[in-house]
Amino acid sequence: NETVLLGRGGSDTSAAYFAAMLSAQRLEIWTDVPGMFSADPRIVPAARLLKQLHYDEAQEIASTGGLVLHPRCIGPLRNAQIPLFVRCTPRPELPGTLIANLKTDPEPSVKAISLRQNITLISMDGVVMWQEVGFLANVFAVFSDHGVSIDLVSTSESNVTVSIDGEAGPDSEDDLRALIEALSEYCRVKLIRNCAAVSLVGRKIRAHLHKIGPSLSVFEEHQVHLLSQAANDLNLTVVVDEAQGYRLVQQLHPSVIGKRANDDMLGDSWESLNASPDQTSVVEPSWWRDRRDALLKIMSTRSNCYVYDAATIKARMASLQGLSNIDNVLFAMKANSNPEILNLVYEAGLGFECVSPGELERVFGLFPDLDPKRVLYTPNFAPAEDYVAGFTRGVRVTLDNLFPLRAWPEVFKGQDVFVRLDPGKGRGHHEHVRTAGVHSKFGVPLFELPLLETLVSSVGCRVVGIHAHSGSGITEPGSWRQVAEILVDASARFPDVSVLDLGGGLGVPEKPGDASLDLQAFDESLSALKTRYPALSLWLEPGRFLVAESGVLLSRVTQTKGKGAVQYVGLSTGMNSLIRPALYGAYHEIVNLTQLDQPADQAVTIVGPICETGDTLGADRLMPSTSSGDVILIANTGAYGYVMASHYNLRAPAEELLLQSD
Ligand code: LLP
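Numbering (the working numbering), first residue to last: 1 to 662.
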């Protein structure tokens with residue numbers, strides 16, 4: 001007869017035990033979210049509500065990173081066969097998630113993609129293991145003696161790799177060291193820290209591996225440390241570097257779950273459940289939907305055209321200029337060097353980041369009165385005359401190798417320079433665009449800093465800015481802070497440094513439902529550093545972020561064809577205008593602008609006219625019935641589109657046009 005307040009974190013498990021003891025007919029858990037989702041909606045706003053789950057699946061989702069229920073609360077309910085209804089207190093009209101012993105088991109399918117961070121792997125190597133009785137028993141006994149719980153296991157004849165969860169792992173570094181020491185008696189031990197485990201969860205996962213086959217191509221870009229297919233056939237887990245975890249979930253979700261229609265099991269997306277009429281949706285509607293008529297009119301006299309929306313570029317520039325911890329924004333004009341776009345940038349007062357004499361000529365040709373100090377010039381593996389060209393113009397010059405100082409000291413004598421460092425870890429949407437780390441040709445490695453210091457003083461130049469750009473297409477808001485910390489440390493060696501240039505790389509959502517870079521979180525991540533070092537100016541030099549979403553490539557359908565199971569839609573331009581899909585496997589949303597209102601219900605592959613199999617702009621896309629003459633729109637092509645175009649096959653790429661605001 002006592003009233004007891006159940007603490008946070010334990011109420012669902014307690015409720016499950018009460019329900020079991022009372023032989024309840026059902027248990028309802030009222031919480032603050034609409035139910036369980038196919039992914040963490042903070043990572044994937046397009047995550048779908050899971051309307052029904054089998055106990056086993058709910059248990060698996062809860063244990064592999066789902067946050068709604070504690071994994072321990074499912075057991076008592078499963079044993080007593082009591083259905084659990086997860087419902088949403090502020091939205092009682094929503095169906096929520098039913099967890100029960102579902103009799104009807106529809107087609108097996110992946111129900112969720114979950115993510116666990118802070119995973120440590122222990123890799124145990126040794127030939128002694130081969131045909132050796134008791135090796136596993138010995139090493140597992142060591143884990144047990146040290147009170148460490150093992151999660152995933154993968155074995156071969158000469159290696160056993162296990163994962164330990166950050167939370168259930170050793171209590172301290174000393175405990176971890178003791179564990180490693182004890183294991184070393186049996187084998188060579190390697191520790192791989194800072195990993196993330198990404199799990200595809202669903203019953204009978206083995207039975208539908210073939211369906212997720214194409215989605216697994218995303219692993220091409222990620223180093224996989226461990227792959228484990230659970231013995232209970234409920235999950236397939238891949239362990240990758242922690243920094244890749246979010247992105248992997250975002251990449252896998254659309255192809256594994258995103259496109260499936262609503263049914264008894266899958267419900268609406270988090271995004272649509274949270275969008276109310278008086279609230280703007282999380283995802284900004286694309287400008288080109290509103291300007292459809294204007295775009296079709298442009299195409300009435302053309303076969304292909306890149307069209308850019310001035311208003312979008314202005315909005316993106318304003319959003320970066322509004323950041324409180326960034327002092328200067330330069331446009332990396334390699335992303336788009338269209339003169340009218342450069343004019344918008346000039347008018348808005350941003351600087352320019354140039355990488356070649358050609359880019360310098362373009363900006364100074366357009367804006368002869370441009371203050372050269374608004375230009376940062378970063379040649380890479382360039383000849384001496386490129387540096388001379390920069391100093392002659394009076395722009396700020398960045399050095400990204402020690403070679404020029406050693407080989408051409410006279411060019412740098414008495415000059416102020418920026419130095420581009422390699423922060424050691426590359427990031428970005430594809431290996432070709434990760435511009436740091438040992439495999440990248442860019443930047444002075446940190447271990448060369450003492451040498452740089454000596455060379456700078458012997459040559460007689462001053463380092464006034466330190467710079468790093470670790471890659472392109474990054475959506476993790478904390479990445480730049482990590483780079484900034486490295487630059488701050490390096491700046492201690494050079495008393496004249498007043499600028500830290502954190503590079504570009506700000507990512508934009510690629511696929512519908514991808515999360516955008518959280519600019520506020522980005523800004524906040526830099527505020528402590530900014531307070532600590534008020535005298536240092538923080539600069540950014542984005543390309544993609546400012547222009548990617550402003551651009552669309554429009555092209556007319558030439559021919560269509562059905563070949564085996566594949567339906568092709570042919571366009572009058574292809575990789576000669578847009579090479580990103582062929583070069584990086586990049587995804588661009590593709591719609592039939594002429595038939596925009598029709599349901600997209602046919603899977604087609606969109607190709608160009610170039611004599612290469614790689615001339616594919618999008619494979620397996622849903623489109624309405626498409627005819628020759630229709631106008632197809634390829635979205636998000638304002639960055640690295642026209643600038644990377646070619647005349648391959650002697651086919652001229654699409655021309656460019658800027659659409660001014662209404
Ligand atoms: N700063 C430096 C030193 C860079 O190398 C780059 C891009 C940027 C700034 C601008 O990066 P953004 O903000 O645009 O991510 N063609 C590839 C992108 C290559 C980026 C090369 N460097 C693509 O289409 O994804």
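Heads up, the beta-carbon is just placed ideally off N, CA and C, and yes, glycines get one too. Quantities reported herein were computed from a predicted structural model and do not represent experimental measurements.
So is residue i buried or exposed if we call it buried at 16+ other beta carbons inside 10 Å?
i, result
"Lys51", "buried"
"Thr378", "buried"
"Thr475", "buried"
"Asp386", "buried"
"Gly10", "exposed"
"Asn232", "exposed"
"Met21", "exposed"
"Glu132", "exposed"
"Leu571", "buried"
"Tyr642", "buried"
"Lys561", "exposed"
"Asp630", "buried"
"Leu5", "exposed"
"Ala492", "exposed"
"Leu650", "exposed"
"Trp30", "exposed"
"Thr3", "exposed"
"Ala58", "buried"
"Ala515", "buried"
"Ala261", "exposed"
"Gln251", "buried"
"Cys611", "exposed"
"Asn689", "The requested residue 689 does not occur in the structure, where the chain is confined to residues 1 to 662."
"Ile164", "buried"
"Val552", "buried"
"Arg544", "buried"
"Thr454", "exposed"
"Asn338", "buried"
Does the beta-carbon distance from residue i to residue j come in below 8 Å?
i, j, result
"Ala548", "Ala639", "yes"
"Thr120", "Gly169", "yes"
"Asp416", "Gly443", "no"
"Leu529", "Leu502", "no"
"Glu271", "Pro45", "yes"
"Ile632", "Leu659", "no"
"His469", "Gly504", "yes"
"Cys461", "Gly394", "no"
"Leu578", "Thr637", "yes"
"Asp496", "Val463", "yes"
"Leu84", "Leu94", "no"
"Ala521", "Ser498", "no"
"Phe664", "Leu546", "In the structure displayed, the chain extends from 1 to 662; residue 664 sits before or after that span and is not available."
"Leu622", "Gln598", "no"
"Phe35", "Thr89", "The amino acid occupying residue 35 in the given sequence is Gly; Phe does not appear at that position. Going by C-beta atoms, Gly35 is not nearer than 8 Å to Thr89."
"Ile634", "Leu617", "yes"
"Ala294", "Leu344", "no"
"Asp369", "Leu49", "no"
"Ser154", "Leu226", "yes"
"Val411", "Ala389", "no"
"Asn304", "Ala39", "no"
Looking at the strands, I want to know which residues DSSP matches up with residue i.
i, result
"Thr616", "Val607"
"Ser114", "Ser199"
"Lys190", "Ser123"
"Thr573", "None; Thr573 has no bridge partner."
"Ser537", "Val499"
"Asn235", "Val201"
"Tyr377", "Cys354, Val397"
"Ser566", "Correcting the residue identity first, residue 566 is Val in this sequence and not Ser. Its beta-bridge partners are Lys563."
"Pro445", "Asp422"
"Glu656", "Tyr306"
"Gln602", "Met623"
Practice task
Ignoring anything shorter than 4 residues or poking outside the region 134-168, list the alpha helix (DSSP H) runs there in chain order.
Solution key: 135-145
Exercise for the section: Write down every uninterrupted run of the beta strand (DSSP E) in the region 387-429 whose length is 3 residues or greater and which is fully enclosed by it, in chain order. Expected result: 396-399, 416-422
Practice task
Starting from the N-terminal side, write out each stretch of the beta strand (DSSP E) that is 3 residues or longer and does not extend beyond the region 301-367.
Solution key: Taken in chain order, the unbroken stretches of beta strand (DSSP E) that lie wholly in the region 301-367 and span 3 residues or more are 304-309, 328-332, 351-354.
Practice task
Taking only runs that begin and end inside the region 36-115, name each unbroken alpha helix (DSSP H) of 4 or more residues, in chain order.
Solution key: Entirely contained in the region 36-115, the alpha helix (DSSP H) runs reaching 4 residues are, in chain order, 55-63, 74-80.
Problem - Inside the region 201-228 only - alpha helix (DSSP H) runs reaching at least 4 residues - result: 209-212
Practice task
Please list the segments of the alpha helix (DSSP H) lying wholly inside the region 454-493, counting only runs of 4 or more residues, in order along the chain.
Solution key: 479-491
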